[in-house]
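See structure below.
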Amino acid sequence: MNIKTGNKQTYKNILLNMMAFGVQFFISFFVSPQVVGKVGSTAYGFIGLANDFVSYATIVTSVFNSVAARFISNAFYKNDYDDANSYYNSLIVANICIAGVLGVIGAVFVPNIARCLVIPEELIIDVQITFALVFLSYIITVVTLAFTTATFVTNRTDLEGVRNIISQFIRLAIVVVFLNFFTIKIYWVAFAALVSGIALSLMNIGLTKKLTPELHIDLKQADVKYAMTLAASGGWMAFTQISNLLIRGLDLVITNVWIGNYEMGLLSIARTMPNQITSILGTLTPIFTPVFILYYSQKKEKDLIHNVKDSIRTMACIMFVPIMGYIVYSKEFYTLWQKSLSPDEIKVITILSTITVIQAFFNATTGAMAQLSLVTNKLKLPVFVSFGCGLLNIFVIFILLKVTNLGVYAVVLSSTVIMVLRYVFFNSAYAAYVLGKPVTEFIGTAVSVWICLPVLLVLMVAVKHFIPVNSWTSLFASAMISAILGYAFMMLVYGRDKIQKIFRKEEGKQ
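Following the numbering used here from start to finish, the sequence shown increments by one per residue and tops out at 496.
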(Lines of atoms letter the chains of each structure in order from A and count residues from 1; the text may use other names and numbers.)
(Lines give C-alpha, C1' and ligand atoms only; values in the text may rest on other atoms or scores of the structure.)
Protein backbone atom coordinates (compact mmCIF):
# COMPACT_ATOMS: atom_id res chain seq x y z
CA MET A 1 0.00 0.00 0.00
CA ASN A 2 1.20 3.50 -0.86
CA ILE A 3 0.35 6.39 1.48
CA LYS A 4 0.75 9.81 -0.12
CA THR A 5 1.74 12.73 2.09
CA GLY A 6 2.89 16.28 1.48
CA ASN A 7 1.30 19.58 0.49
CA LYS A 8 0.83 18.63 -3.15
CA GLN A 9 -1.38 15.66 -2.27
CA THR A 10 -3.32 17.75 0.26
CA TYR A 11 -4.02 20.43 -2.33
CA LYS A 12 -4.94 17.77 -4.87
CA ASN A 13 -7.40 16.27 -2.39
CA ILE A 14 -8.90 19.70 -1.76
CA LEU A 15 -9.11 20.61 -5.47
CA LEU A 16 -10.92 17.45 -6.53
CA ASN A 17 -13.35 17.64 -3.66
CA MET A 18 -14.02 21.30 -4.42
CA MET A 19 -14.78 20.29 -8.00
CA ALA A 20 -17.17 17.65 -6.71
CA PHE A 21 -18.82 20.32 -4.60
CA GLY A 22 -19.12 22.54 -7.66
CA VAL A 23 -20.93 19.80 -9.57
CA GLN A 24 -23.22 19.14 -6.61
CA PHE A 25 -23.92 22.87 -6.31
CA PHE A 26 -24.76 23.12 -10.00
CA ILE A 27 -27.21 20.25 -9.77
CA SER A 28 -28.99 21.78 -6.76
CA PHE A 29 -28.95 25.14 -8.55
CA PHE A 30 -30.59 23.58 -11.60
CA VAL A 31 -33.03 21.19 -9.93
CA SER A 32 -34.40 23.19 -7.00
CA PRO A 33 -36.21 26.02 -8.85
CA GLN A 34 -37.57 23.54 -11.39
CA VAL A 35 -39.15 21.39 -8.68
CA VAL A 36 -40.30 24.32 -6.52
CA GLY A 37 -41.93 25.97 -9.54
CA LYS A 38 -43.83 22.79 -10.43
CA VAL A 39 -44.84 21.36 -7.05
CA GLY A 40 -44.66 24.42 -4.74
CA SER A 41 -42.50 25.25 -1.74
CA THR A 42 -44.61 23.21 0.69
CA ALA A 43 -44.19 19.96 -1.26
CA TYR A 44 -40.50 20.70 -1.84
CA GLY A 45 -40.01 20.93 1.91
CA PHE A 46 -40.79 17.23 2.27
CA ILE A 47 -37.74 16.31 0.18
CA GLY A 48 -35.49 17.94 2.75
CA LEU A 49 -37.55 16.44 5.55
CA ALA A 50 -37.16 12.92 4.11
CA ASN A 51 -33.39 13.34 3.94
CA ASP A 52 -33.38 14.67 7.49
CA PHE A 53 -35.32 11.66 8.76
CA VAL A 54 -32.95 9.19 7.15
CA SER A 55 -29.97 11.15 8.41
CA TYR A 56 -31.22 10.38 11.90
CA ALA A 57 -30.15 6.81 11.19
CA THR A 58 -26.54 8.02 11.05
CA ILE A 59 -26.74 8.06 14.83
CA VAL A 60 -26.79 4.27 14.73
CA THR A 61 -24.34 3.78 11.86
CA SER A 62 -21.82 6.19 13.38
CA VAL A 63 -21.40 3.83 16.34
CA PHE A 64 -19.23 1.63 14.14
CA ASN A 65 -18.37 3.73 11.09
CA SER A 66 -17.30 7.07 12.55
CA VAL A 67 -14.01 5.73 13.92
CA ALA A 68 -13.47 2.69 11.70
CA ALA A 69 -11.14 4.52 9.30
CA ARG A 70 -8.96 5.60 12.21
CA PHE A 71 -8.54 2.06 13.55
CA ILE A 72 -7.96 0.57 10.11
CA SER A 73 -5.45 3.36 9.32
CA ASN A 74 -3.52 2.78 12.52
CA ALA A 75 -3.30 -0.94 11.75
CA PHE A 76 -2.11 -0.21 8.21
CA TYR A 77 0.52 2.26 9.31
CA LYS A 78 1.88 -0.44 11.62
CA ASN A 79 1.72 -3.04 8.79
CA ASP A 80 -0.65 -5.11 10.93
CA TYR A 81 -2.93 -6.30 8.13
CA ASP A 82 -4.56 -9.02 10.22
CA ASP A 83 -5.89 -6.41 12.62
CA ALA A 84 -6.94 -4.18 9.72
CA ASN A 85 -8.94 -7.00 8.14
CA SER A 86 -10.54 -7.91 11.45
CA TYR A 87 -11.78 -4.34 11.86
CA TYR A 88 -12.81 -4.24 8.21
CA ASN A 89 -14.88 -7.42 8.23
CA SER A 90 -16.36 -6.69 11.64
CA LEU A 91 -17.51 -3.37 10.24
CA ILE A 92 -19.12 -5.05 7.23
CA VAL A 93 -21.09 -7.47 9.42
CA ALA A 94 -22.19 -4.68 11.77
CA ASN A 95 -23.41 -2.57 8.83
CA ILE A 96 -25.39 -5.46 7.35
CA CYS A 97 -27.16 -5.93 10.69
CA ILE A 98 -27.88 -2.19 10.98
CA ALA A 99 -29.24 -2.10 7.41
CA GLY A 100 -31.63 -4.94 8.26
CA VAL A 101 -32.97 -3.05 11.27
CA LEU A 102 -33.37 0.14 9.22
CA GLY A 103 -35.30 -1.81 6.61
CA VAL A 104 -37.79 -3.00 9.22
CA ILE A 105 -38.16 0.52 10.63
CA GLY A 106 -38.77 1.95 7.16
CA ALA A 107 -41.34 -0.73 6.35
CA VAL A 108 -43.31 0.23 9.47
CA PHE A 109 -42.82 4.01 9.35
CA VAL A 110 -43.51 4.83 5.69
CA PRO A 111 -47.10 3.45 5.50
CA ASN A 112 -47.95 5.30 8.73
CA ILE A 113 -46.14 8.54 7.99
CA ALA A 114 -49.28 10.69 7.96
CA ARG A 115 -49.82 9.81 11.62
CA CYS A 116 -46.43 11.26 12.54
CA LEU A 117 -46.20 14.38 10.37
CA VAL A 118 -48.52 17.13 9.20
CA ILE A 119 -48.95 16.35 5.49
CA PRO A 120 -51.52 17.82 3.08
CA GLU A 121 -53.94 15.11 1.96
CA GLU A 122 -53.03 15.43 -1.71
CA LEU A 123 -49.33 14.89 -0.99
CA ILE A 124 -49.47 11.80 1.24
CA ILE A 125 -48.78 9.23 -1.51
CA ASP A 126 -45.95 11.32 -3.02
CA VAL A 127 -44.39 11.82 0.40
CA GLN A 128 -44.62 8.09 1.17
CA ILE A 129 -42.88 7.17 -2.09
CA THR A 130 -40.21 9.83 -1.46
CA PHE A 131 -39.50 8.52 2.04
CA ALA A 132 -39.42 4.91 0.82
CA LEU A 133 -36.86 5.72 -1.90
CA VAL A 134 -34.69 7.73 0.50
CA PHE A 135 -34.79 4.90 3.05
CA LEU A 136 -33.78 2.36 0.38
CA SER A 137 -30.95 4.58 -0.82
CA TYR A 138 -29.59 4.92 2.69
CA ILE A 139 -29.81 1.19 3.38
CA ILE A 140 -27.66 0.52 0.31
CA THR A 141 -25.22 3.16 1.50
CA VAL A 142 -24.98 1.55 4.93
CA VAL A 143 -24.28 -1.91 3.53
CA THR A 144 -21.35 -0.54 1.50
CA LEU A 145 -19.99 1.99 4.01
CA ALA A 146 -16.94 -0.14 4.79
CA PHE A 147 -15.72 0.43 1.23
CA THR A 148 -15.38 4.17 1.83
CA THR A 149 -12.38 3.75 4.16
CA ALA A 150 -9.80 3.02 1.44
CA THR A 151 -9.44 6.62 0.23
CA PHE A 152 -9.03 7.81 3.82
CA VAL A 153 -6.46 5.16 4.75
CA THR A 154 -4.28 5.95 1.72
CA ASN A 155 -4.89 9.73 1.86
CA ARG A 156 -6.39 9.61 -1.65
CA THR A 157 -9.55 11.60 -1.04
CA ASP A 158 -8.93 13.19 -4.43
CA LEU A 159 -10.26 9.94 -5.88
CA GLU A 160 -13.25 10.30 -3.59
CA GLY A 161 -13.87 13.66 -5.26
CA VAL A 162 -13.70 12.09 -8.73
CA ARG A 163 -16.10 9.39 -7.61
CA ASN A 164 -18.55 11.99 -6.29
CA ILE A 165 -18.38 13.99 -9.52
CA ILE A 166 -19.31 10.92 -11.56
CA SER A 167 -22.22 10.00 -9.27
CA GLN A 168 -23.55 13.57 -9.33
CA PHE A 169 -23.53 13.64 -13.13
CA ILE A 170 -25.50 10.39 -13.12
CA ARG A 171 -27.99 12.02 -10.78
CA LEU A 172 -28.22 15.09 -13.03
CA ALA A 173 -28.81 12.99 -16.15
CA ILE A 174 -31.72 11.17 -14.51
CA VAL A 175 -33.27 14.40 -13.22
CA VAL A 176 -33.00 16.02 -16.69
CA VAL A 177 -34.85 13.06 -18.23
CA PHE A 178 -37.64 13.30 -15.66
CA LEU A 179 -37.95 17.08 -16.01
CA ASN A 180 -38.34 16.82 -19.78
CA PHE A 181 -40.40 13.68 -20.27
CA PHE A 182 -42.45 13.09 -17.12
CA THR A 183 -44.84 14.93 -14.84
CA ILE A 184 -42.86 16.53 -12.03
CA LYS A 185 -43.14 14.67 -8.74
CA ILE A 186 -41.05 15.20 -5.61
CA TYR A 187 -40.08 11.51 -5.54
CA TRP A 188 -38.22 11.77 -8.86
CA VAL A 189 -35.47 13.63 -7.00
CA ALA A 190 -35.25 10.77 -4.48
CA PHE A 191 -35.15 8.18 -7.28
CA ALA A 192 -32.27 10.00 -8.98
CA ALA A 193 -30.39 10.04 -5.68
CA LEU A 194 -31.01 6.30 -5.29
CA VAL A 195 -29.53 5.42 -8.69
CA SER A 196 -26.52 7.71 -8.24
CA GLY A 197 -26.03 6.23 -4.76
CA ILE A 198 -25.90 2.70 -6.19
CA ALA A 199 -23.32 3.84 -8.75
CA LEU A 200 -21.33 5.48 -5.96
CA SER A 201 -21.32 2.28 -3.92
CA LEU A 202 -20.06 0.25 -6.88
CA MET A 203 -17.24 2.74 -7.42
CA ASN A 204 -16.32 2.54 -3.74
CA ILE A 205 -15.94 -1.21 -4.03
CA GLY A 206 -13.64 -0.78 -7.03
CA LEU A 207 -11.52 1.84 -5.25
CA THR A 208 -11.11 -0.42 -2.23
CA LYS A 209 -9.76 -3.23 -4.39
CA LYS A 210 -7.38 -0.86 -6.16
CA LEU A 211 -6.06 1.19 -3.23
CA THR A 212 -6.03 -1.38 -0.45
CA PRO A 213 -5.62 -4.86 -1.95
CA GLU A 214 -4.53 -5.96 1.53
CA LEU A 215 -8.16 -5.62 2.61
CA HIS A 216 -10.36 -8.52 1.62
CA ILE A 217 -13.85 -9.66 2.47
CA ASP A 218 -13.75 -12.69 4.73
CA LEU A 219 -16.62 -12.57 7.20
CA LYS A 220 -14.94 -15.32 9.23
CA GLN A 221 -12.48 -12.64 10.33
CA ALA A 222 -15.30 -10.62 11.82
CA ASP A 223 -14.98 -10.63 15.58
CA VAL A 224 -17.24 -9.30 18.31
CA LYS A 225 -14.15 -8.01 20.12
CA TYR A 226 -13.20 -5.77 17.22
CA ALA A 227 -16.78 -4.63 16.73
CA MET A 228 -16.99 -3.70 20.41
CA THR A 229 -13.72 -1.78 20.14
CA LEU A 230 -15.24 0.27 17.33
CA ALA A 231 -18.44 0.72 19.30
CA ALA A 232 -16.58 1.81 22.43
CA SER A 233 -15.10 4.80 20.60
CA GLY A 234 -17.83 5.19 18.00
CA GLY A 235 -20.50 5.30 20.66
CA TRP A 236 -19.21 8.69 21.66
CA MET A 237 -19.40 9.83 18.04
CA ALA A 238 -22.97 8.53 17.90
CA PHE A 239 -23.71 10.65 20.94
CA THR A 240 -22.28 13.57 18.96
CA GLN A 241 -24.70 12.75 16.13
CA ILE A 242 -27.57 12.97 18.60
CA SER A 243 -26.25 16.36 19.58
CA ASN A 244 -26.05 17.45 15.93
CA LEU A 245 -29.61 16.26 15.53
CA LEU A 246 -30.71 18.50 18.39
CA ILE A 247 -28.72 21.42 16.97
CA ARG A 248 -29.93 21.43 13.36
CA GLY A 249 -31.37 18.05 12.39
CA LEU A 250 -34.80 18.76 13.82
CA ASP A 251 -35.34 22.24 12.36
CA LEU A 252 -37.71 21.10 9.62
CA VAL A 253 -39.60 18.79 11.98
CA ILE A 254 -39.94 21.56 14.58
CA THR A 255 -41.10 23.98 11.90
CA ASN A 256 -43.56 21.44 10.48
CA VAL A 257 -45.14 20.61 13.84
CA TRP A 258 -44.81 23.87 15.80
CA ILE A 259 -45.08 26.51 13.08
CA GLY A 260 -46.46 25.19 9.78
CA ASN A 261 -45.97 23.46 6.41
CA TYR A 262 -45.58 26.73 4.54
CA GLU A 263 -42.77 27.97 6.76
CA MET A 264 -41.12 24.53 6.59
CA GLY A 265 -41.06 24.81 2.81
CA LEU A 266 -39.40 28.22 2.92
CA LEU A 267 -36.85 26.99 5.47
CA SER A 268 -36.09 23.96 3.29
CA ILE A 269 -35.35 26.25 0.33
CA ALA A 270 -33.31 28.58 2.54
CA ARG A 271 -31.20 25.66 3.75
CA THR A 272 -30.31 24.47 0.23
CA MET A 273 -27.19 26.58 -0.29
CA PRO A 274 -26.05 26.63 3.37
CA ASN A 275 -26.36 22.84 3.31
CA GLN A 276 -24.09 22.76 0.28
CA ILE A 277 -21.52 24.81 2.18
CA THR A 278 -21.86 22.56 5.22
CA SER A 279 -21.43 19.57 2.94
CA ILE A 280 -18.18 20.84 1.45
CA LEU A 281 -16.89 21.67 4.93
CA GLY A 282 -17.74 18.13 5.99
CA THR A 283 -15.76 16.90 2.99
CA LEU A 284 -12.74 19.19 3.32
CA THR A 285 -12.06 19.17 7.06
CA PRO A 286 -11.41 15.39 7.27
CA ILE A 287 -8.93 15.70 4.37
CA PHE A 288 -6.30 16.82 6.87
CA THR A 289 -7.03 13.96 9.29
CA PRO A 290 -4.97 11.15 7.68
CA VAL A 291 -1.84 13.30 7.92
CA PHE A 292 -2.74 14.23 11.51
CA ILE A 293 -3.06 10.53 12.36
CA LEU A 294 0.23 9.71 10.65
CA TYR A 295 2.18 12.38 12.54
CA TYR A 296 0.44 11.53 15.81
CA SER A 297 1.17 7.80 15.47
CA GLN A 298 4.82 8.61 14.69
CA LYS A 299 4.97 11.08 17.65
CA LYS A 300 5.97 13.97 15.37
CA GLU A 301 4.40 16.63 17.57
CA LYS A 302 5.96 19.65 15.92
CA ASP A 303 4.84 18.56 12.45
CA LEU A 304 1.34 17.83 13.76
CA ILE A 305 0.89 21.25 15.36
CA HIS A 306 2.27 22.96 12.25
CA ASN A 307 -0.23 21.08 10.07
CA VAL A 308 -3.15 21.94 12.36
CA LYS A 309 -2.34 25.66 12.19
CA ASP A 310 -1.80 25.39 8.46
CA SER A 311 -5.25 23.78 8.11
CA ILE A 312 -6.82 26.85 9.76
CA ARG A 313 -5.25 29.24 7.26
CA THR A 314 -5.89 26.90 4.33
CA MET A 315 -9.60 26.56 5.11
CA ALA A 316 -9.92 30.32 5.56
CA CYS A 317 -8.24 30.95 2.19
CA ILE A 318 -10.54 28.48 0.47
CA MET A 319 -13.91 29.07 2.12
CA PHE A 320 -14.17 32.64 3.42
CA VAL A 321 -14.60 34.22 -0.01
CA PRO A 322 -17.49 32.02 -1.24
CA ILE A 323 -19.25 32.17 2.14
CA MET A 324 -19.04 35.97 2.28
CA GLY A 325 -20.00 36.19 -1.38
CA TYR A 326 -23.07 34.11 -0.71
CA ILE A 327 -24.12 36.43 2.13
CA VAL A 328 -23.56 39.63 0.13
CA TYR A 329 -25.34 38.42 -3.01
CA SER A 330 -27.96 36.12 -1.47
CA LYS A 331 -31.00 38.36 -2.04
CA GLU A 332 -30.15 38.92 -5.69
CA PHE A 333 -29.31 35.25 -6.12
CA TYR A 334 -32.63 34.02 -4.71
CA THR A 335 -34.58 36.63 -6.70
CA LEU A 336 -33.11 35.35 -9.95
CA TRP A 337 -33.07 31.68 -8.91
CA GLN A 338 -36.53 31.18 -7.40
CA LYS A 339 -38.70 33.19 -9.77
CA SER A 340 -41.88 31.45 -8.66
CA LEU A 341 -41.58 33.01 -5.20
CA SER A 342 -42.87 36.42 -4.16
CA PRO A 343 -40.60 39.29 -2.98
CA ASP A 344 -41.76 38.73 0.60
CA GLU A 345 -40.88 35.03 0.38
CA ILE A 346 -37.47 35.90 -1.09
CA LYS A 347 -36.87 38.26 1.84
CA VAL A 348 -37.70 35.54 4.37
CA ILE A 349 -35.48 33.00 2.61
CA THR A 350 -32.59 35.48 2.38
CA ILE A 351 -32.71 36.25 6.09
CA LEU A 352 -33.00 32.57 7.05
CA SER A 353 -30.11 31.50 4.82
CA THR A 354 -27.87 34.38 5.93
CA ILE A 355 -28.37 33.62 9.62
CA THR A 356 -27.76 29.92 8.97
CA VAL A 357 -24.55 30.34 6.98
CA ILE A 358 -22.77 32.72 9.38
CA GLN A 359 -21.62 29.82 11.53
CA ALA A 360 -19.79 28.35 8.50
CA PHE A 361 -16.98 30.92 8.92
CA PHE A 362 -16.14 29.47 12.31
CA ASN A 363 -16.86 25.85 11.40
CA ALA A 364 -14.45 26.15 8.47
CA THR A 365 -11.53 27.25 10.60
CA THR A 366 -12.06 25.01 13.62
CA GLY A 367 -13.41 21.90 11.86
CA ALA A 368 -10.01 20.40 11.08
CA MET A 369 -8.66 21.00 14.57
CA ALA A 370 -11.81 19.39 15.98
CA GLN A 371 -10.65 16.19 14.26
CA LEU A 372 -7.88 15.96 16.86
CA SER A 373 -10.32 14.46 19.34
CA LEU A 374 -10.72 11.58 16.88
CA VAL A 375 -6.97 11.42 16.18
CA THR A 376 -6.18 11.14 19.90
CA ASN A 377 -9.30 9.05 20.63
CA LYS A 378 -10.37 11.55 23.31
CA LEU A 379 -14.00 11.89 22.38
CA LYS A 380 -15.93 12.12 25.64
CA LEU A 381 -15.82 15.83 26.48
CA PRO A 382 -16.72 17.05 22.95
CA VAL A 383 -19.67 14.68 23.06
CA PHE A 384 -21.02 16.11 26.30
CA VAL A 385 -20.44 19.67 25.11
CA SER A 386 -22.27 18.95 21.85
CA PHE A 387 -25.13 17.28 23.68
CA GLY A 388 -25.41 20.24 26.03
CA CYS A 389 -25.50 22.60 23.05
CA GLY A 390 -28.24 20.46 21.47
CA LEU A 391 -30.44 20.48 24.54
CA LEU A 392 -29.89 24.21 24.96
CA ASN A 393 -30.88 24.76 21.33
CA ILE A 394 -34.24 22.99 21.71
CA PHE A 395 -34.92 24.87 24.95
CA VAL A 396 -34.05 28.26 23.44
CA ILE A 397 -36.20 27.63 20.36
CA PHE A 398 -39.14 26.66 22.57
CA ILE A 399 -38.75 29.81 24.70
CA LEU A 400 -38.32 32.09 21.66
CA LEU A 401 -41.45 30.67 20.02
CA LYS A 402 -43.41 31.16 23.24
CA VAL A 403 -42.33 34.68 24.20
CA THR A 404 -41.49 36.33 20.83
CA ASN A 405 -42.96 36.69 17.36
CA LEU A 406 -39.78 35.49 15.65
CA GLY A 407 -41.48 32.39 14.26
CA VAL A 408 -39.25 30.40 11.92
CA TYR A 409 -36.40 32.87 12.47
CA ALA A 410 -36.09 31.55 16.03
CA VAL A 411 -35.23 28.09 14.69
CA VAL A 412 -32.12 29.24 12.80
CA LEU A 413 -31.11 32.06 15.14
CA SER A 414 -30.81 29.78 18.16
CA SER A 415 -28.61 27.14 16.53
CA THR A 416 -26.34 29.72 14.85
CA VAL A 417 -25.57 31.64 18.05
CA ILE A 418 -24.97 28.46 20.05
CA MET A 419 -22.73 26.87 17.42
CA VAL A 420 -20.63 30.00 16.86
CA LEU A 421 -19.94 30.13 20.59
CA ARG A 422 -19.03 26.44 20.58
CA TYR A 423 -16.66 26.79 17.60
CA VAL A 424 -14.94 29.88 18.98
CA PHE A 425 -14.47 28.92 22.61
CA PHE A 426 -14.44 25.13 22.74
CA ASN A 427 -13.03 23.66 19.54
CA SER A 428 -9.75 25.55 19.60
CA ALA A 429 -9.21 25.10 23.35
CA TYR A 430 -9.93 21.36 23.33
CA ALA A 431 -7.74 20.73 20.28
CA ALA A 432 -4.82 22.20 22.22
CA TYR A 433 -5.77 20.32 25.39
CA VAL A 434 -5.74 16.84 23.80
CA LEU A 435 -2.19 17.50 22.56
CA GLY A 436 -1.08 18.63 26.00
CA LYS A 437 -0.60 22.22 24.92
CA PRO A 438 -1.88 25.49 26.43
CA VAL A 439 -5.53 26.08 25.53
CA THR A 440 -4.49 29.19 23.61
CA GLU A 441 -2.21 27.23 21.24
CA PHE A 442 -4.54 27.50 18.22
CA ILE A 443 -6.92 30.37 19.05
CA GLY A 444 -4.40 33.01 17.97
CA THR A 445 -4.18 31.52 14.48
CA ALA A 446 -7.97 31.31 14.26
CA VAL A 447 -8.49 34.92 15.38
CA SER A 448 -5.87 36.08 12.88
CA VAL A 449 -8.07 34.83 10.03
CA TRP A 450 -11.43 35.82 11.53
CA ILE A 451 -10.38 39.48 11.63
CA CYS A 452 -10.33 39.55 7.84
CA LEU A 453 -14.12 39.04 7.63
CA PRO A 454 -15.07 42.75 7.92
CA VAL A 455 -12.56 43.56 5.18
CA LEU A 456 -14.10 40.97 2.85
CA LEU A 457 -17.59 42.25 3.65
CA VAL A 458 -16.76 45.89 2.89
CA LEU A 459 -14.86 44.92 -0.26
CA MET A 460 -17.74 42.87 -1.70
CA VAL A 461 -20.45 45.36 -0.74
CA ALA A 462 -18.42 48.05 -2.51
CA VAL A 463 -18.14 45.91 -5.66
CA LYS A 464 -21.90 45.25 -5.63
CA HIS A 465 -22.52 49.00 -5.26
CA PHE A 466 -20.45 49.80 -8.36
CA ILE A 467 -21.79 46.82 -10.34
CA PRO A 468 -25.51 46.57 -9.47
CA VAL A 469 -27.13 43.19 -9.98
CA ASN A 470 -30.32 42.88 -12.03
CA SER A 471 -29.61 39.81 -14.20
CA TRP A 472 -27.62 36.58 -14.15
CA THR A 473 -24.95 38.27 -16.28
CA SER A 474 -24.50 41.19 -13.89
CA LEU A 475 -24.62 38.84 -10.88
CA PHE A 476 -21.89 36.70 -12.41
CA ALA A 477 -19.75 39.74 -13.29
CA SER A 478 -20.13 41.39 -9.90
CA ALA A 479 -19.58 38.15 -7.99
CA MET A 480 -16.54 37.21 -10.06
CA ILE A 481 -14.87 40.56 -9.44
CA SER A 482 -15.65 40.21 -5.72
CA ALA A 483 -14.20 36.71 -5.74
CA ILE A 484 -11.01 37.76 -7.55
CA LEU A 485 -10.42 40.66 -5.21
CA GLY A 486 -11.37 38.57 -2.19
CA TYR A 487 -9.03 35.71 -3.05
CA ALA A 488 -6.25 38.15 -3.93
CA PHE A 489 -6.61 39.69 -0.47
CA MET A 490 -6.74 36.32 1.30
CA MET A 491 -3.72 34.92 -0.54
CA LEU A 492 -1.74 38.12 -0.05
CA VAL A 493 -2.35 38.12 3.70
CA TYR A 494 -2.56 34.40 4.54
CA GLY A 495 -1.48 32.31 1.58
CA ARG A 496 1.83 33.55 0.23
CA ASP A 497 3.74 30.58 1.62
CA LYS A 498 1.17 28.15 0.21
CA ILE A 499 1.72 29.32 -3.34
CA GLN A 500 5.43 28.68 -2.96
CA LYS A 501 4.90 25.24 -1.41
CA ILE A 502 2.84 24.03 -4.34
CA PHE A 503 5.91 24.32 -6.57
CA ARG A 504 8.44 22.96 -4.13
CA LYS A 505 9.67 19.45 -4.22
CA GLU A 506 7.37 17.50 -1.98
CA GLU A 507 8.23 14.99 0.68
CA GLY A 508 8.68 11.52 -0.77
CA LYS A 509 6.15 8.78 -0.68
CA GLN A 510 5.96 6.76 2.47
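Beta carbons are placed, not taken as given, at the ideal position from N, Cα and C, and that holds for glycine. The model shown is predicted, which means the values in this text are computed figures rather than measured ones.
Per DSSP, the continuous alpha helix (DSSP H) segment holding residue 436 begins and ends at 429 to 436. Here the alpha carbon of residue 468 sits roughly 43 Å from the alpha carbon of residue 115. In this structure, the straight-line span from the alpha carbon of residue 464 to that of residue 320 is close to 15 Å. Excluding residues up to 5 positions away in sequence, 71, 72, 75 lie with their Cβ nearer than 7 Å to the Cβ of residue 207 in the same chain. The beta-carbon separation of residue 170 and residue 325, rounded to 16 Å, does not stay under the 8 Å limit for a contact. Taking 8 Å as the cut-off, the beta carbon of residue 117 is found closer than this to the beta carbon of residue 36.
Excluding the 5 residues flanking it on each side, residue 262 has same chain C-beta neighbours closer than 8 Å at 7, 10, 11, 14, in chain order. In terms of CA proximity to residue 221, 370 leads the group 105, 472, 370. Residue 375 sits in a helix when the DSSP states are folded into three classes.
For the set 354, 17, 472, the Cα lying nearest the Cα of residue 269 is the one of 354.
The three-state reading of DSSP puts residue 324 in coil, since its state is none of H, G, I, E or B.
Unbroken alpha helix (DSSP H) stretches of 4 residues or longer found wholly inside the segment 256 to 344: 275 to 283, 287 to 323, given in chain order. By the criterion of at least three beta-carbon pairs nearer than 8 Å, the segment 341 to 353 is in contact with the segment 392 to 411. Secondary structure of residue 207 (DSSP, three-state): helix.
Assigned with DSSP and collapsed to three states, residue 26 falls in coil, not helix or strand. Secondary structure at residue -2: helix, using DSSP grouped into helix, strand and coil. Excluding sequence positions up to five before and after residue 256, its CB lies within less than 6 Å of the CB of 335, 338, 339, all in the same chain and listed in chain order. When the Cα atoms are used, residue 137 and residue 375 turn out to be separated by approximately 32 Å.
Judged by beta-carbon spacing, residue 272 lies beyond the 8 Å limit of residue 154, meaning their Cβ atoms are not closer than that value. The alpha carbon of residue 296 has as its nearest neighbour, out of 351, 55, 401, the alpha carbon of 351.
The Cβ atoms of residue 104 and residue 230 do not sit closer than 8 Å to each other. Going by beta carbons, residue 361 and residue 431 fall outside the 8 Å limit. Residue 147: member of the alpha helix (DSSP H) spanning 143 to 167, first to last residue. Out of 414, 250, 157, the CA that lies nearest to the CA of residue 428 is found in 414. Within the model, the alpha-carbon separation for residue 283 versus residue 60 is close to 7 Å.
For residue 412, no alpha helix (DSSP H) run applies, since DSSP gives it neither H nor E. In terms of Cβ geometry, residue 189 and residue 302 do not form a close pair [threshold 8 Å].
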